[in-house]
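Each remark here refers to the structure printed beneath this line.
Residue numbers (the UniProt record's numbering): 1 to 397.
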């Protein structure tokens, strides 16, 4: 989005908000706010609408009404007409459906009240009146997460006219296709996702479980993407880091798939991507790091990447089974190409055990130098608290 277009978007959003305020009566507050970042930073904007608020980022945009996310779009394609979340106990008491109701029969949810809660330059968080929360990540992957919190939830995702949903052969995910994109829905934790009787999508989330939506351009969802989805669904991959570069400045977003993993990134040299990963439990897990073509230029080619954990070189794995075998044994990593964008790369890092580990991705030639992996300016406590409260960071190095 160029600077002129960003200004036009901001003016349109502000005009819409003012119009809504005058329609409600003189002296009413619009609550509209917008921000346009310049010199290489991604433009984001939010404004009050007649029914709620709106968020517009570079890749992701949506509106909120009193009890739903409306018109969820990834790269200008509407994927979901609306997304609603309802407490399972409330739904069952209101419909007399019972705890053993077929998931495909769960339709027409009256969702929990919600509102746009917080924004950073790479994400928007939505709070509900219950324990659930939602986060939209403004990256090329268009990630949307719905976290159940302490109560079990139903999630209804009604499709746009251009979308259609099919259950995967494995039965552990639902694919949503639009004209130019394919999305996958999986549940990390206790629950399931299914195509309901209306042809839309419904998810059953147990306590502390997370529904994860990831979107791909045509041809981008390959076997590697499917393996990543499997790792997320099985609870093996509990965090995803997206690294990009805009006008020479690094941009980093973090999505976590569970309550027990925290990731924090800090300002680093262009040729090095460092992060602190902390987990409340000692068992090891996998972190997915997606590096865009622009960010990869500073790190080197995908074939030249290497990983260190706490300053020690991790072993390179040649298969997913070998990668997963590093959990409990030794740190391992695997580099794959990211779909049809051959210049981009996905780096999967298997961390053998926790609590806090310092991870760095850099050119293999630099690993021998023994650079410290720790993050300047971030202590362990700071990193954990920041990630647990859901702060998605955009970092400029």
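The C-beta atom is built at its ideal place from N, Cα and C for all residues, glycine as well.
In chain order, 154 place their CB closer than 6 Å to the CB of residue 91, counting only its own chain and leaving out the 5 sequence neighbours on each side.
Here residue 183 is bridged, per DSSP, to 176, 215.
Residue 173 sits away from residue 215, with the two beta carbons spaced by 9 Å or more. Taking C-beta separations shorter than 6 Å and ignoring five residues to either side along the sequence, the partners of residue 118 in its chain run 125, following chain order. Assignment of beta strand (DSSP E) within the segment 202-256, counting only whole runs of 3 or more residues, yields 210-217, 237-246, 249-256 in chain order. When 235, 224, 198, 219 are compared, the shortest CA-CA separation from residue 210 is found for 235.
Around residue 80, the same chain offers 72, 157 as residues with beta carbons nearer than 6 Å, after the five sequence neighbours per side are excluded. In the DSSP assignment, residue 134 forms a beta bridge with 126, 146. For residue 253, the number of other beta carbons within 10 angstroms of its own is at least 16, and it is reported as buried. Apart from the 5 residues on each side of it in sequence, residue 352 sits with its Cβ closer than 7 Å to the Cβ of 284, 326, 327, 328, 329, 330, 331 in its chain, given in chain order. When secondary structure is reduced to three states using DSSP, residue 365 falls in the helix class. By the 16-neighbour rule on beta-carbons within 10 angstroms, residue 53 is buried. Beta-bridge analysis with DSSP links residue 353 to 283.
Under the Cβ criterion (8 Å, minimum of three pairs), the segment 244-262 counts as touching the segment 273-291. As the crow flies, the alpha-carbon of residue 127 is around 5 Å from that of residue 114. For residue 190, the CB contacts under 6 Å within the same chain, skipping 5 residues up- and downstream, are 206, 209 in chain order. A check of alpha carbon separations from residue 132 across 146, 141, 138, 120 identifies 146 as the nearest.
The three-state reading of DSSP puts residue 296 in helix, counting H, G and I together. Nearest Cα to residue 293 within the set 246, 225, 223: 246. With contacts defined as CB atoms closer than 9 Å, residue 188 and residue 139 fail to qualify as a contacting pair. The continuous stretches of alpha helix (DSSP H) do not include residue 81, which lies in the beta strand (DSSP E) extending over residues 77-87. In the three-state DSSP reduction, residue 93 falls in the helix class (H, G or I). Of the residues 244, 350, 305, the one whose Cα lies closest to the Cα of residue 321 is 350.
Within a 10 Å sphere around the beta-carbon of residue 110 sit fewer than 16 other beta-carbons, which makes this residue exposed. Just so you know, the alpha carbons of residue 226 and residue 286 end up roughly 15 Å apart. For residue 321, the enclosing alpha helix (DSSP H) has its first and last residue at 320-324. In the three-state reduction of the DSSP assignment, residue 346 falls in the strand class, which pools E and B. Residue 166 sits exposed, since fewer than 16 C-beta atoms from the chains shown fall within 10 Å of its C-beta. The continuous beta strand (DSSP E) containing residue 158 extends over residues 153-159. Here the alpha carbons of residue 366 and residue 179 stand approximately 43 Å from one another.
Around the beta carbon of residue 66, fewer than 16 other beta carbons sit within 10 angstroms, so the residue counts as exposed. Per the DSSP secondary-structure output, residue 312 pairs in a beta bridge with 309. As the crow flies, the alpha-carbon of residue 288 is around 11 Å from that of residue 345. Here residue 298 has 270, 271 as same chain residues with Cβ atoms under 6 Å from its own Cβ, once five neighbours each way along the sequence are excluded.
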